[in-house]
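Report on the structure given below.
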Amino acid sequence: EPEVTQTPSHQVTQMGQEVILRCVPISNHLYFYWYRQILGQKVEFLVSFYNNEISEKSEIFDDQFSVERPDGSNFTLKIRSTKLEDSAMYFCASSPPLQPQHFGDGTRLSIL
Amino acid sequence: RKEVEQDPGPFNVPEGATVAFNCTYSNSASQSFFWYRQDCRKEPKLLMSVYSSGNEDGRFTAQLNRASQYISLLIRDSKLSDSATYLCVVTRPGSNYQLIWGAGTKLIIKP
Chain H
2 EPEVTQTPSH QVTQMGQEVI LRCVPISNHL YFYWYRQILG QKVEFLVSFY
52 NNEISEKSEI FDDQFSVERP DGSNFTLKIR STKLEDSAMY FCASSPPLQP
102 QHFGDGTRLS IL
Chain S
2 RKEVEQDPGP FNVPEGATVA FNCTYSNSAS QSFFWYRQDC RKEPKLLMSV
52 YSSGNEDGRF TAQLNRASQY ISLLIRDSKL SDSATYLCVV TRPGSNYQLI
102 WGAGTKLIIK P
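As you go down the protein sequences, you meet chains H and S in turn. So in the numbering used here, spot 108 of the first sequence is number 109, and the numbers just go up one at a time. So in the numbering used here, spot 58 of the second sequence is number 59, and the numbers just go up one at a time.
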């Protein structure tokens, strides 16, 4: 069964540094998403992406964040000037139009 | 009122028993509903979509009550492997993409 893959599985970064989290969505999916889950808390929507542009974003997704599809397979989330509170699991998901979303197994981001 | 509300549990249930969870949502305009399960420190995995007429997938049955704004999940003949956190998810009204997540109900199946 095709799956969403994410790298790295764990990223440790100094506060203030930039990180790029990578995702390879399922190949025939057109919609891509990023979510985060702070330890012990609920999953939170960050952004959705379709046709090479952001389609929706939440209040969390401020100027510190950006997404990109640099080639035909990768979908990245960049976090600039990381803060301690950015420590969380970051999940990428993809879906066909109006279909349930399928998740990668996440990147654990630890900001020191 | 929370957008999606669930009893956090944990529900401690003996193997083979039937267990049910409810979830309430605040916005009557929400259109799509799902149950995901999440194992500890793992990604959410889609369990099933929830349809207005109710739907069943093996031992799992989901129901939607739009009038009362709740959805339910029933698990029959529970297995040890059903131990997980069950997440109630609805789409944000007016959005095709934004999922609003409940905090989850923790289920522990005991032998």
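Where is the CB? At the ideal position from N, CA and C, for every residue including glycine.
When we look at the beta-carbon of residue i and count the other beta-carbons within 10 Å, is it buried (16 or more) or exposed?
i      : result
H/S49  : buried
H/I80  : buried
H/G105 : buried
H/G17  : exposed
H/T108 : buried
S/C41  : exposed
S/G105 : buried
H/V68  : buried
H/R37  : buried
H/V13  : exposed
H/L85  : exposed
H/I39  : exposed
S/P112 : exposed
Thinking C-alpha only, which one of the options is nearest residue i?
i      : options                          : result
H/F33  : H/L110, H/H103 and H/S111        : H/H103
H/L47  : S/G103, S/A68, S/Q99 and S/S50   : S/Q99
S/T25  : S/R2, S/S84 and S/E44            : S/R2
H/P71  : H/S10, H/P3, H/G41 and H/E54     : H/E54
S/A85  : S/Q7, S/Y52 and S/I110           : S/I110
H/Y100 : S/M49, S/P45 and S/K43           : Just to set this straight, residue 100 of chain H is Gln in the shown sequence, not Tyr. Among S/M49, S/P45 and S/K43, the Cα nearest to that of H/Q100 belongs to S/M49.
S/N97  : H/C24, H/N29, H/Y51 and H/P26    : H/Y51
H/P3   : H/S95, H/L113, H/S111 and H/L110 : H/S95
S/L81  : S/Q7, S/E16 and S/E6             : S/E16
S/Q7   : H/T6, H/K43 and H/T8             : H/K43
H/S88  : H/Q15, H/Q7 and H/E60            : H/Q15
H/R23  : H/H11, H/E60, H/P97 and H/I61    : H/H11
Mind pulling the beta strand (DSSP E) runs of 3 or more residues that sit fully within the region 27-67 of chain H?
32-38, 44-51 and 54-58
Output needed in chain order: residues of the region 92-105 of chain S with a Cβ under 9 Å from some Cβ in chain H.
R93, S96, N97, Y98, Q99, L100, I101, W102, G103, A104 and G105
How about the region 11-25 of chain H and the region 78-94 of chain H: do they share at least three Cβ pairs that are nearer than 8 Å?
yes
Within the chosen definition, does the region 89-106 of chain S reach the region 19-39 of chain S through at least 3 CB pairs nearer than 8 Å?
yes
Below 8 Å, can you find three or more Cβ-Cβ pairs linking the region 17-29 of chain S to the region 69-77 of chain S?
yes
Hey, is the region 2-14 of chain S in contact with the region 48-64 of chain S, meaning 3+ C-beta pairs nearer than 8 Å?
no
For the region 3-29 of chain S, which residues have a CB atom closer than 8 Å to at least one CB atom of chain H, in sequence order?
none
For the region 45-56 of chain S, enumerate the residues whose C-beta is nearer than 8 Å to any C-beta of chain H, in chain order.
P45, K46, L47 and S50
For the region 79-90 of chain S, which residues have a CB atom closer than 9 Å to at least one CB atom of chain H, in sequence order?
L88 and V90
Could you name the residues of the region 4-38 of chain H whose beta carbon sits closer than 9 Å to any beta carbon of chain S, in the order they occur along the chain?
V5, Q7, Y32, Y34, Y36 and Q38
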